[in-house]
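According to the numbering used here, the residues represented by the sequence shown are 1 to 290, in order. Using N, Cα and C, we set each Cβ at its ideal position, and we do this for glycine too. Fair warning: this is a prediction, and the values are worked out from it, not measured in the lab. Here's the structure we're looking at; comments come further down.
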Amino acid sequence: MKLFKTIFLTLLFLTQLVSSNLKNDEKISAIVTIDWLKTNLNNPNLVLVDLREKDEYLKGHLKNAVNIPGLKSLFDEKFLMPKLDFLKELLSNAGINSNSLVVAYDNGDFIWAARFYWILQTLGHDNVALLKVAYGSLLKENFKITNDEYKPVRKEFIPRVDNKKIQTKLSTLLAIGKKTIIDGRKESHYEGKESLAKRFGHIPTALNYQCTQNYQVSKDGNSMKDLSKLEEIYKDIPKDKEIILYCDGGAEAALNYIVLQELGYKVSVYDGSWLEWGNDTEVPIVNPSK
């Protein structure tokens, strides 16, 4: 009887522990630290995703991190989000399902990991985070590094598209003067001095908040700024309006998306961004350089 009671109490404790961990997972922050990753490294639901190009990945990466090269995997030929069936296969083959706790990192631009984060959320998977520190000596000092390509066990990813997180050219056009529009490109592009599209300038009423303001450069591995500093950067943006984010192709905007969402703003990304808008002569632009 005493043995049975001991076994029962042990099982009860383990059940409560697992339940507690699941609750913590559900409340994962958008940006997680090295210490958080150390604590959760043995979580069976954890999926590490390395968004660097494959040749960089093979030179060294976090143990058990699966490689999804950002530029090659997260855009179609028109530089838009790939088709749903492609993404479903990509994420399933990466070992991601509805129970997965996904943490993404990249080379320090943060835009590739951010694009991946935004796509996952758009497909209905909110249990995803950006690792605060990019790949570099800090990660090498704190985690086991390997150059062996990791092949995870395939799981079934079921997309549940959240249309509120993605905008089109038409919805962005209709938002001018009604919603806050933020351009995440560097100032020279916003001002119309440079452009990756045929036309130069920016979408009318758009404010310029370069995505590079969100992180600090370091030889040990670039790192995202603390939320208190990020809050100061975006303090002049009102929270009573929805925000549409764009850049050149939807990756820089995704980094602003993560930060602003974590700061309590209601945000979405115009996927076509300037590569679509700037090549369409039928939609309005503002070119300050003229």
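Handout entry: Per-residue DSSP class, three states only, for residue 210
Key = The residue labelled residue 210 in the question sits at position 210 within the sequence shown. In the structure shown, residue 210 sits in coil (DSSP, three-state: anything other than H, G, I, E or B).
Handout entry: Own chain residues within Cβ distance below 6 Å of residue 175, not counting five before or after
Key = As a working note, residue 175 is residue 175 in the sequence shown. Excluding residues within five positions, the ones whose Cβ falls inside 6 Å are 244.
Problem - DSSP-derived helix/strand/coil call for residue 131 - result: Position 131 of the sequence shown, counting from 1, holds the residue named residue 131. Correct three-state label for residue 131: strand.
Handout entry: Cβ pair count under 8 Å reaching 3, the stretch 221 to 239 against the stretch 185 to 199
Key = no
Problem - Alpha carbon of residue 21 to alpha carbon of residue 202, nearest angstrom - result: For the purposes of this step, residue 21 is taken as residue 21 along the sequence shown, with counting starting at 1. For the purposes of this step, residue 202 is taken as residue 202 along the sequence shown, with counting starting at 1. Note that residue 21 scores 43 on pLDDT, short of 50, meaning its location in the model is unreliable; the coordinates nonetheless yield the value given after this. Whole-angstrom Cα-Cα distance: 45 Å.
Practice task
Report back the beta-carbon spacing between residue 181 and residue 206 to the nearest angstrom; my notes put them in contact at under 8 Å.
Solution key: Sequence index remark: in the sequence shown, residue 181 carries index 181 (1-based). Sequence index remark: in the sequence shown, residue 206 carries index 206 (1-based). Yes, residue 181 and residue 206 are in contact; Cβ-Cβ is about 4 Å, under 8 Å.
Exercise for the section: Pair every Cβ in the stretch 102 to 111 with every Cβ in the stretch 42 to 62, then say whether three or more of these pairs are closer than 8 Å. Expected result: yes
Handout entry: Continuous beta strand (DSSP E) stretch holding residue 105: start and end
Key = Looking up residue 105 in the sequence shown gives position 105. Residue 105 -> beta strand (DSSP E) spans 101 to 105.
Problem - CA-to-CA distance, residue 278 to residue 173, given in whole angstroms - result: As a first step, residue 173 is located in the sequence shown; it is residue number 173 there, counting from the start. As a first step, residue 278 is located in the sequence shown; it is residue number 278 there, counting from the start. Residue 173 and residue 278: Cα-Cα distance of roughly 13 Å.
Problem - Candidates 134, 153 and 140: closest to residue 96 by CA position - result: Residue 96 sits at position 96 when you count from the first residue of the sequence shown. For residue 96, the nearest C-alpha among the options comes from 153.
Problem - Secondary structure, alpha helix (DSSP H): runs of 4+ residues fully inside the stretch 50 to 107 - result: 54 to 59, 70 to 73 and 84 to 93
Exercise for the section: For residue 31, count neighbouring C-beta atoms within 10 Å of its own C-beta (all shown protein chains included) and say buried if the count is 16 or more, exposed if not. Expected result: Locating residue 31 in the sequence shown gives position 31, counting from the first residue. With 16 or more other Cβ atoms within 10 Å, it is buried.
Handout entry: Three-state class that DSSP yields for residue 22 in the structure shown
Key = Numbered from 1 along the sequence shown, position 22 holds the residue referred to as residue 22. Here residue 22 scores only 38 on pLDDT, less than 50, and its place in the model is too uncertain to base an answer on.
Exercise for the section: Can you grab the Cα-Cα spacing for the pair residue 25 / residue 79, in whole Å? Expected result: As a first step, residue 25 must be located in the sequence shown, where it is residue number 25. As a first step, residue 79 must be located in the sequence shown, where it is residue number 79. Bear in mind that the predicted position of residue 25 carries a pLDDT of just 43, short of 50, making it unreliable; the figure below should be weighed with that in mind. Straight-line Cα distance between these residues: approximately 32 Å.
Problem - Unbroken alpha helix (DSSP H) run spanning residue 240, endpoints - result: What you label residue 240 is simply residue 240 of the sequence shown in a count that begins at 1. Counting along the chain, residue 240 falls outside any alpha helix (DSSP H), and DSSP gives it neither H nor E.
Exercise for the section: Keeping to the same chain, check which residues put their C-beta closer than 8 Å to that of residue 23; ignore five residues upstream and five downstream. Expected result: Taking the sequence shown and counting its residues from 1, one reaches residue 23 at position 23. Because residue 23 sits at a pLDDT of 40, beneath the cut-off of 50, its placement in the model cannot be relied upon, and the following sentence gives the value as read from the coordinates. Closer than 8 Å at Cβ, skipping near neighbours: no residue.
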